[in-house]
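In this note's numbering, the protein residues as written are 391 to 1144. For every residue, glycine included, the Cβ atom is placed at its ideal position computed from N, Cα and C.
Below, the structure written as structure tokens:
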């Protein structure tokens, strides 16, 4: 068998034994065949776009375009309610729109003092949009929505190649209606781009497994490299299963497979490593400090705080002080273990169809067990299913920093497995085992949906019964799927699909109807994600436990899970007031909502809480209205009053930085409000040794910073006075004139008291 013949042969062979869908046999010919068909179809380009492939039924392409349009409308709805969402990244986006150097390095400010704690790839699309359209909530968040629509399209395309258009539509709908996907594709964290690029990676690997062409595997490597530049090592989680599947199942000789994998690895190194090499070789004196690192090194950030530290809990410079994980099967970031994806912290975000996906994955592998080594349908199950299982396993046991929204990475894999599994079993529905497996998947989804909905008993209390009864009725009908007539069969299938998607759809609609801001956000209605770690139940925008560690009103195990720790609670280690971040108050906004009435440019969109105490009014961010330096502000920023804004804007153009503040979120709030660069002392957590006291004194002596924003604890964790942030705070307070604007305190660095 020649190498030329190998690529085509498996694509031809896999349709019959591989259990695609009985769908169109030409669903997965080599790409040049598609172009040949389209060339013959004639008509205008727009007509071909609407008609799709000539061999498809007429409804396929309109249904696909309708899915994309519906996803876009859903994700764009009420988008501006989130304001600037995570002001940490929005400030970096603003900086990148003002300075190409800031865009390249991912600087938090246009003065290039310090970077965010991630590479800059995810910031690029947003920064370019802001350059074109100006700074607004929409210009920051619409690129994320487009990434969501793109991810749905990629998952559809990957699934329908080897299965049916209906399978692709089911997969796309499952993805679009996953609550955490609706959250993160409307939010400006790097996870949206990561999910898109991981989906693209799987798509290219599936293409490579069909025809054995090297170019597809190399493109997969390029996608992984750029995903690394979005969220570093998380991009590599799926590499082991993908490499193993290709090494075993690809339709070319073993030596060629190994060579192709080597080329793909080289593609990863080049596409992800070029930026790393530039940053590491660039003189540190002329680039910003690498935020999140302790030694101004991106490699240290990658393998430490953002790498192994996430697995073992030893994140140096973390908000928890790098104290390590496992407290009785968990950590300060919640309980770990095999059931983590199903527990009260995570379940409502991602796990609605996870039991069904696992059942369908096993069933799909059983359905293709007798196929040849190169069967592309089975390889598709292994690619998407292997990515799902591997990522879920790592998430379940990682002891370091873990937020509920990380689980958006699972959504494309889960959706693809559900679509493929449903199609493979539907094709075999006349076989008893297949109809029983379909029924089991629907039953598990209905039962688990009931359990999850019952965790928020006040939210649509009738829905859980409809989901349970409808799902069980559909499952009963599916048992006899091989004997039903067409009309009854479609009714049963439709009921099963509606019952399976009703609960996550409700949570998704709840998610898009509210704004979300701050560093820790969750999907679903109030109480949908209760942190089970220290401090009891957490809120949707607050910090694990509502007052980690030990702060706020919630004693361990006593939180309400509604984001309702009072803003007047006792100060914890951070001295910030009520129940938010270590000792800090409630998260800004109900469960992390941004205030609905504020225009993004009028005040920091992280601003006033509208539930149980306002930020800056006795709880929430330490430092009061526009205060800002306290621990509560390290996660959710500060509210900037009009007087503070006016003060900072005065003569700001004469300085490199209008002000300096402890912690990136505090600095970001003032920067977004004024449009002028604000230096973040200590980076995100206030613990980075940047700038040093000597460097800060030099900046002040050269007249580069106008104000220092007061009100902070000055240490980053628990008020530690040995860090550079505390040293700078003490020096400023001792030597410069104090100025008040509204309720905020500033120090004028151009007016020494001595």
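- prompt: Where does residue 1138 fall in DSSP's three states?
  reply: strand
message: Could you give the first and the last residue of the continuous beta strand (DSSP E) run that contains residue 1130?
response: 1126–1131
task: Using only alpha-carbon positions, find the residue among 662, 454, 604 and 856 that is nearest to residue 650.
output: 604
query: Roughly how many angstroms separate the alpha carbons of residue 913 and residue 896, rounded to a whole number?
result: 11 Å
- prompt: Under a Cβ-count criterion, where at least 16 other Cβ atoms within 10 Å of its own Cβ denotes burial, should residue 522 be classed as buried or exposed?
  reply: With fewer than 16 other Cβ atoms from the protein chains shown falling within 10 Å of its own Cβ, residue 522 counts as exposed.
- request: Using only alpha-carbon positions, find the residue among 814, 637 and 627 that is nearest to residue 757.
  value: Shortest Cα-Cα distance from residue 757 to any of 814, 637 and 627 involves 814.
- prompt: For residue 884, which option in 873, 860 and 894 has the closest C-alpha, if you only look at C-alpha atoms?
  reply: 860
- request: Taking 8 Å as the threshold, find out whether the stretch 537–554 comes into contact with the stretch 801–811 through three or more Cβ pairs.
  value: yes
- request: Check whether the stretch 901–915 touches the stretch 587–607, counting contact only when three or more Cβ pairs, one atom from each stretch, lie closer than 8 Å.
  value: no
- request: Have a look at residue 688 and residue 669 and give me their C-alpha separation to the nearest angstrom.
  value: 7 Å
field: Cβ-Cβ distance between residue 893 and residue 842 below 8 Å
entry: yes
message: Less than 8 Å between the C-beta atoms of residue 501 and residue 509, yes or no?
response: No.
- prompt: What's the C-alpha gap between residue 919 and residue 1117?
  reply: 38 Å
- prompt: Does the Cβ of residue 794 have 16 or more other Cβ atoms within 10 Å, making it buried, or fewer, making it exposed?
  reply: buried
- request: Look at the alpha carbon of residue 484 and the alpha carbon of residue 782, and state the distance between them as a whole number of angstroms.
  value: About 34 Å.
query: For residue 581, does the count of other Cβ atoms within 10 angstroms reach 16, so buried, or fall short, so exposed?
result: With 16 or more other Cβ atoms from the protein chains shown falling within 10 Å of its own Cβ, residue 581 counts as buried.
- prompt: Between residue 755 and residue 594, what straight-line distance do the alpha-carbon atoms span, to the nearest angstrom?
  reply: 21 Å
- prompt: Of the residues 809, 620 and 518, which one's Cα is nearest the Cα of residue 579?
  reply: Residue 620 is the option with its Cα nearest to residue 579.
message: With the cut-off set at 8 Å, would you say residue 625 and residue 608 are in Cβ contact?
response: no
query: Between the C-alpha atoms of residue 565 and residue 466, what's the straight-line distance to the nearest angstrom?
result: 16 Å
task: Could you tell me how far apart the beta carbons of residue 457 and residue 562 are, in whole angstroms, since I believe they sit closer than 8 Å?
output: 5 Å
- request: For the alpha helix (DSSP H) containing residue 897, list its first residue and its last residue.
  value: 876–902
message: Is the beta carbon of residue 770 closer than 8 Å to that of residue 810?
response: yes
DSSP state of residue 1098 mapped onto helix, strand, coil: Correct three-state label for residue 1098: strand.
field: Nonlocal neighbours in the same chain, by C-beta distance under 7 Å from residue 512, ignoring five residues either side
entry: 580, 583 and 620
Reduced DSSP secondary structure (H/G/I, E/B, other) of residue 926: Its pLDDT being 30, under 50, residue 926 is placed unreliably by the model, and the measurement read from it follows with that caveat. In the structure shown, residue 926 sits in coil (DSSP, three-state: anything other than H, G, I, E or B).
- prompt: In its own chain, which residues sit with a C-beta less than 6 Å from the C-beta of residue 489, not counting the 5 before and 5 after it?
  reply: 500
- request: Taking residue 1080 as the reference, give the member of 1049, 648 and 1071 with the closest Cα.
  value: The alpha carbon of residue 1080 has as its nearest neighbour, out of 1049, 648 and 1071, the alpha carbon of 1071.
task: Express the C-alpha separation of residue 1073 and residue 1052 in angstroms, rounding to a whole number.
output: 8 Å
field: Span separating the alpha-carbon of residue 1031 from that of residue 880
entry: 59 Å
- prompt: When DSSP builds the beta bridges, which residues end up paired with residue 1068?
  reply: For residue 1068, which the question treats as bridged, DSSP gives the partners 1049.
message: Using C-beta distances below 8 Å, list every residue in its chain close to residue 635, excluding the 5 sequence neighbours before and after it, in chain order.
response: 595, 599, 769, 772, 773 and 776
message: Taking the alpha helix (DSSP H) that residue 641 belongs to, which residues open and close that run?
response: Segment: none, residue 641 is in no alpha helix (DSSP H) and carries neither H nor E.
message: On the CB-based measure, 16 or more other CB atoms within 10 Å of its CB, does residue 685 come out buried or exposed?
response: exposed
message: Am I right that residue 1027 and residue 1055 are in contact with their C-beta atoms under 8 Å? What's the rounded C-beta distance?
response: 4 Å
query: In whole angstroms, what is the alpha-carbon distance linking residue 1015 and residue 742?
result: Legend: pLDDT at residue 1015 = 31, less than 50; position of this residue unreliable, value from coordinates given subsequently. Roughly 40 Å separates the two Cα atoms.
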